[in-house]
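Taken in sequence, the protein lines are chains A and B. Everything in the first sequence is counted per my numbering, starting at 1 for the first residue and increasing by one. Everything in the second sequence is counted per my numbering, starting at 128 for the first residue and increasing by one. All C-beta atoms in this analysis are idealised placements derived from N, C-alpha and C, irrespective of residue type, glycine included.
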Amino acid sequence: MSVVLVVEDNSLVVDAMRVLLESGGHDVVTAGTVADTIAQVRERAPVLVLLDLTLPDGSGLDALREYAGTAARKPITVALTGHDDPGLRKKCLEAGCREVLLKPVPARELMAHVNGWMAEAREAGDA
Amino acid sequence: MPELDTPQSLPEADLNALEARLRDATTLIADLKARDELKTQFLSNISHDLRTPLTAIITHAEILRDGMLGPVTDRQLDSLHGIINGGRQLLGMVSEILTYARGAANQMALDCVPVRVDDLLRLARELNEPLCARKGVTFQVDMSDDVPIVEADREKLTHVLSNLIGNAIAFTPPGGRVWVHAQPWTTDSHREVRFEVGDTGIGIAPENHKLIFMEFAQVDSSPSRRHHGTGLGLTIARRFVELHGGRLWVESELGSGSRFYFTVPAERTG
Numbered sequence: 001m002s003v004v005l006v007v008e009d010n011s012l013v014v015d016a017m018r019v020l021l022e023s024g025g026h027d028v029v030t031a032g033t034v035a036d037t038i039a040q041v042r043e044r045a046p047v048l049v050l051l052d053l054t055l056p057d058g059s060g061l062d063a064l065r066e067y068a069g070t071a072a073r074k075p076i077t078v079a080l081t082g083h084d085d086p087g088l089r090k091k092c093l094e095a096g097c098r099e100v101l102l103k104p105v106p107a108r109e110l111m112a113h114v115n116g117w118m119a120e121a122r123e124a125g126d127a
Numbered sequence: 128m129p130e131l132d133t134p135q136s137l138p139e140a141d142l143n144a145l146e147a148r149l150r151d152a153t154t155l156i157a158d159l160k161a162r163d164e165l166k167t168q169f170l171s172n173i174s175h176d177l178r179t180p181l182t183a184i185i186t187h188a189e190i191l192r193d194g195m196l197g198p199v200t201d202r203q204l205d206s207l208h209g210i211i212n213g214g215r216q217l218l219g220m221v222s223e224i225l226t227y228a229r230g231a232a233n234q235m236a237l238d239c240v241p242v243r244v245d246d247l248l249r250l251a252r253e254l255n256e257p258l259c260a261r262k263g264v265t266f267q268v269d270m271s272d273d274v275p276i277v278e279a280d281r282e283k284l285t286h287v288l289s290n291l292i293g294n295a296i297a298f299t300p301p302g303g304r305v306w307v308h309a310q311p312w313t314t315d316s317h318r319e320v321r322f323e324v325g326d327t328g329i330g331i332a333p334e335n336h337k338l339i340f341m342e343f344a345q346v347d348s349s350p351s352r353r354h355h356g357t358g359l360g361l362t363i364a365r366r367f368v369e370l371h372g373g374r375l376w377v378e379s380e381l382g383s384g385s386r387f388y389f390t391v392p393a394e395r396t397g
């Protein structure tokens, strides 16, 4: 089963994302800090990372820069942010995010996105 | 007529007293500014923190509504719609406070691109026609043929239009009319587009025209008021328009509807 890594430091949001993604048949792992994120990418090699930007030990983008440079297989990374800010969006895209979505993404819309990215990874032979 | 004292003619003691009061006033202003910054920071933090559990509530309810965990009955679906609609309404208000806090802290930047006015108006029609139809209010959108492309931050401009149209619908009873009109506008050799959002609703007394643009203020602020909100919508709308170099104003009288106008600079050509 293809792995989705949910990076989020709030357990309420983590639970909601887990229920949503598991109902769609995805294997979910989670990380709540920058350090956890880097470790999970290394150990579980997720196909997709849903990345919160504000983490207790730094920015989600710091984690992305780190694992993008070192991971054997680079996951598709999508930023999930509460800030509707064009400057932040640009920063995320420049750091290597595929897409920037504003929380809360409607459940059906997020599932459609996730399924699309997973299919894309399968075609590329990554999942 | 007695001669007015000037600082030069004041006795030394009075001059010292004045200087002391000036020092006190300067300290007080600095203190108030610091407190205002703290308030803004608090608003920013609390609205960000409120969004997080709201995100979880809405997502869980949507998972159930969309049948991802199995079928739901019609009555359960009605209840889930209630949770989602209430959650999204609350989220809108929290986002409004966050936007205000950013503006107050001068953290608001524009991302200006050429924007076609007919695209904006089409979107406004798509978003608001169903709402008006449900309420029994007629919604009309039109623009002059020669309206130029504007130079604007699309999201912020959409926000301003949505806010004004949302207010117009909220304050117009069934059987009334809400309209949006765009036309070219020239002031001091600047080419602009002037948007008008009008309604046949309850109107605003002239003595309240300033008040409605003041942060947190509402014409009816009583606990029993019929229309609820943060009192920040028009403050933010005006700030967005002014960031673009435009103006936002109102013409209205109690009982005779309202017309809100705002201008946005046209795209520079040549």
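{"Query": "Segment limits, alpha helix (DSSP H) that includes residue 380/B", "Result": "Here residue 380/B belongs to no alpha helix (DSSP H), and DSSP marks it neither H nor E."}
{"Query": "Residues from the region 89-103 of chain A in contact with chain B, defined by Cβ distance under 9 Å", "Result": "89, 90, 103"}
{"Query": "Length of the line joining the Cα atoms of residue 338/B and residue 377/B", "Result": "11 Å"}
{"Query": "Span separating the alpha-carbon of residue 371/B from that of residue 275/B", "Result": "16 Å"}
{"Query": "Among 381/B, 291/B, 171/B, 178/B, nearest to residue 330/B - alpha-carbon criterion", "Result": "381/B"}
{"Query": "Residue 313/B vs residue 319/B beta-carbon contact at 8 Å", "Result": "yes"}
{"Query": "Whole-angstrom distance between residue 239/B and residue 118/A, CA atom to CA atom", "Result": "34 Å"}
{"Query": "Distance, residue 317/B Cα to residue 156/B Cα", "Result": "38 Å"}
{"Query": "Expected contact under 8 Å - CB spacing of residue 292/B and residue 324/B to nearest Å", "Result": "6 Å"}
{"Query": "Proximity to residue 249/B [Cα-Cα], best of 285/B, 265/B, 218/B", "Result": "285/B"}
{"Query": "Exposure of residue 216/B, with buried meaning 16 or more beta-carbon neighbours within 10 Å", "Result": "exposed"}
{"Query": "Contacting residues, own chain, Cβ-Cβ under 6 Å from residue 392/B (five flanking each side not counted)", "Result": "278, 319, 372"}
{"Query": "From 51/A, 22/A, 21/A, residue whose alpha carbon lies closest to that of residue 31/A", "Result": "51/A"}
{"Query": "Three or more C-beta pairs below 8 Å linking the region 68-86 of chain A and the region 35-51 of chain A", "Result": "yes"}
{"Query": "Cα-Cα separation between residue 375/B and residue 389/B, rounded to whole angstroms", "Result": "4 Å"}
{"Query": "C-beta contact flag for residue 408/B and residue 251/B at 8 Å", "Result": "Because chain B in this structure spans residues 128 to 397, residue 408/B falls outside the shown range and cannot be described."}
{"Query": "Contact with chain A by residue 196/B, beta-carbon distance below 8 Å", "Result": "yes"}
{"Query": "Contact residues within the region 10-38 of chain A, judged by C-beta distance below 8 Å to chain B", "Result": "10, 12, 13, 15, 16, 17, 19, 20, 23, 24"}
{"Query": "Residues that DSSP places opposite residue 239/B in a beta bridge", "Result": "280/B"}
{"Query": "Given residue 64/A as reference, the closest of 18/A, 95/A, 103/A, 88/A once Cα atoms are compared", "Result": "95/A"}
{"Query": "Nearest-angstrom Cβ-Cβ length linking residue 37/A and residue 7/A, presumed shorter than 8 Å", "Result": "5 Å"}
{"Query": "Assigned secondary structure, residue 136/B (DSSP; H/G/I helix, E/B strand, else coil)", "Result": "helix"}
{"Query": "8 Å contact criterion, which residue 229/B and residue 171/B should meet: CB distance rounded", "Result": "7 Å"}
{"Query": "8 Å Cβ cutoff, residue 394/B in contact with chain A", "Result": "no"}
{"Query": "Cβ-based neighbour list, residue 181/B, same chain, cut-off 8 Å, excluding 5 preceding and 5 following", "Result": "214, 217, 218, 221"}
{"Query": "Host beta strand (DSSP E) of residue 324/B (start-end)", "Result": "317-326"}
{"Query": "Residues from the region 189-215 of chain B in contact with chain A, defined by Cβ distance under 7 Å", "Result": "189, 190, 193, 195, 196"}
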